[in-house]
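Asker:
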Ligand code: C5P
């Protein structure tokens, strides 16, 4: 069988990373979480106290930054300038600022180049916002995952709670809506379903059901 390139896009909390990881494991493919790359740059920008509205300043920092993935004990780690930041990039503070970093053209150009290099060998599941539209427009299979904003908020809420961060549900919902708005309306590669993507509404589906659906779609390729 040919090793496929699978692109998974969708708004925050649609279940992309959980599902993409499982699909990749099942097929023995590589999984690439592009959101983690934008999050890592955001973490560094916040730590350095950069003004995120100053696009030149953030772009200059991005140019000097190395973001990599590394498998340690079967777990995929995010490495920022040589340091493991896997957990640190998941805080709500990073989530609430990442869209400002991700809308900067020079930042995207740099990360998209890296993402294409990582996918070049095939046998890859990549998730993000612009994978089917911009990063890998020739992907063998494109999936657009969606769910109601209530369901997506609930999933984020549970994730944050599990990592020990208490947040207010309504506030979190507003933050997710705001992040999606920025992602959908930015000038460079906005969040959008590719014309040839298969849309899956995950609101009432379990993780396994979504994984099953994607594996079925792979069979049809
Ligand atoms: O997927 P995740 O929620 O971790 O992504 C965090 C943010 O990174 C998104 O809200 C978006 O601003 C940005 N992102 C992006 N393009 C991608 C992946 C993520 O702009 N391919």
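Residue numbers (the working numbering): 123 to 343. We treat Cβ as the ideally placed atom computed from N, Cα and C, and that holds for glycine.
1) Please tell me whether, using a cut-off of 7 Å, the distance from the CB of residue 209 to the nearest non-hydrogen atom of the ligand C5P is below it.
2) Please name the residue in 157, 145, 225 whose C-alpha comes closest to that of residue 134.
3) Can you tell me where the beta strand (DSSP E) with residue 129 in it begins and where it stops?
4) Touching or not, the region 274-292 and the region 153-169, by the rule of three or more beta carbon pairs under 8 Å?
5) Would you be able to state if there are at least three C-beta pairs under 8 Å between the region 168-186 and the region 217-230?
6) Among all the DSSP beta bridges, which residues are the ones paired with residue 268?
7) When we look at the beta-carbon of residue 291 and count the other beta-carbons within 10 Å, is it buried (16 or more) or exposed?
8) Counting C-beta neighbours from all protein chains within 10 Å, is the total for residue 225 16 or more, i.e. buried, or is it exposed?
9) Can you look up residue 225 in the DSSP assignment and give me helix, strand or coil?
10) Candidates 320, 147, 213, 204: which alpha carbon is nearest residue 188's?
11) Leaving out five residues before and five after residue 273 in sequence, what residues of the same chain have Cβ atoms less than 6 Å from its Cβ?
12) Just to confirm, does residue 314 get its C-beta within under 7 Å of one of the non-hydrogen atoms of the ligand C5P?
13) Measuring alpha carbon to alpha carbon, tell me which residue in 275, 288, 306 is nearest residue 295.
14) Just to confirm my understanding: we take residue 316, look at its own chain, exclude 5 residues before and 5 after, and list those with CB closer than 8 Å. What are they?
15) Can you tell me the Cα-Cα spacing of residue 285 and residue 212, whole angstroms?
16) Could you tell me which whole alpha helix (DSSP H) segments of length 4 or greater appear in the region 280-321?
17) At the level of alpha carbons, what is the spacing between residue 321 and residue 287?
18) At a threshold of 7 Å, does residue 250 count as lining the ligand C5P (C-beta to nearest heavy atom)?
19) Taking the alpha helix (DSSP H) that residue 151 belongs to, which residues open and close that run?
20) What whole-angstrom Cβ distance do residue 304 and residue 240 have, given they're in contact under 8 Å?
21) Which ranges would you report for the beta strand (DSSP E) in the region 134-193 if only whole runs of at least 3 residues count?
22) Would residue 329 and residue 141 qualify as a contact pair, given that the criterion is a beta-carbon distance under 8 Å?
Answerer: Walking through what the data contain:
1) Because no heavy atom of the ligand C5P lies under 7 Å away, the Cβ of residue 209 does not count as near it: no.
2) The option with the nearest alpha carbon to residue 134 is 157.
3) Run containing residue 129: 127-131, per the beta strand (DSSP E) assignment.
4) At 8 Å Cβ cutoff, the stretches do not touch.
5) The region 217-230 makes contact with the region 168-186, as at least three CB pairs between them are under 8 Å.
6) As a beta-bridge residue in DSSP terms, residue 268 pairs with 323.
7) Answer is exposed; the Cβ neighbour count stays below 16.
8) Buried, by the Cβ-count rule.
9) Here residue 225 sits in coil by DSSP.
10) By alpha-carbon distance to residue 188, the top candidate from 320, 147, 213, 204 is 204.
11) Excluding sequence neighbours, residue 273 sits near 325.
12) Outside the cutoff, so no.
13) Scanning 275, 288, 306 for the CA closest to the CA of residue 295 turns up 275.
14) Beyond the five residues adjoining it in sequence on each side, residue 316 comes within less than 8 Å, by CB distance, of 129, 131, 254, 255, 259, 264, 266 in the same chain, given in chain order.
15) Between the alpha carbons of residue 285 and residue 212 lies a gap of roughly 9 Å.
16) Secondary structure in the region 280-321: the alpha helix (DSSP H) runs of 4 residues or longer, each lying completely within the stretch, are 291-307 in chain order.
17) Answer to the nearest angstrom: the Cα atoms are 31 Å apart.
18) Distances taken from the Cβ of residue 250 to the heavy atoms of the ligand C5P include one shorter than 7 Å.
19) Counting along the chain, no alpha helix (DSSP H) covers residue 151, and no H or E run does either.
20) Actually they are not in contact, since the Cβ atoms of residue 304 and residue 240 sit about 25 Å apart, beyond 8 Å.
21) DSSP runs (the beta strand (DSSP E)) wholly in the region 134-193: 152-155.
22) Yes. Within cutoff.
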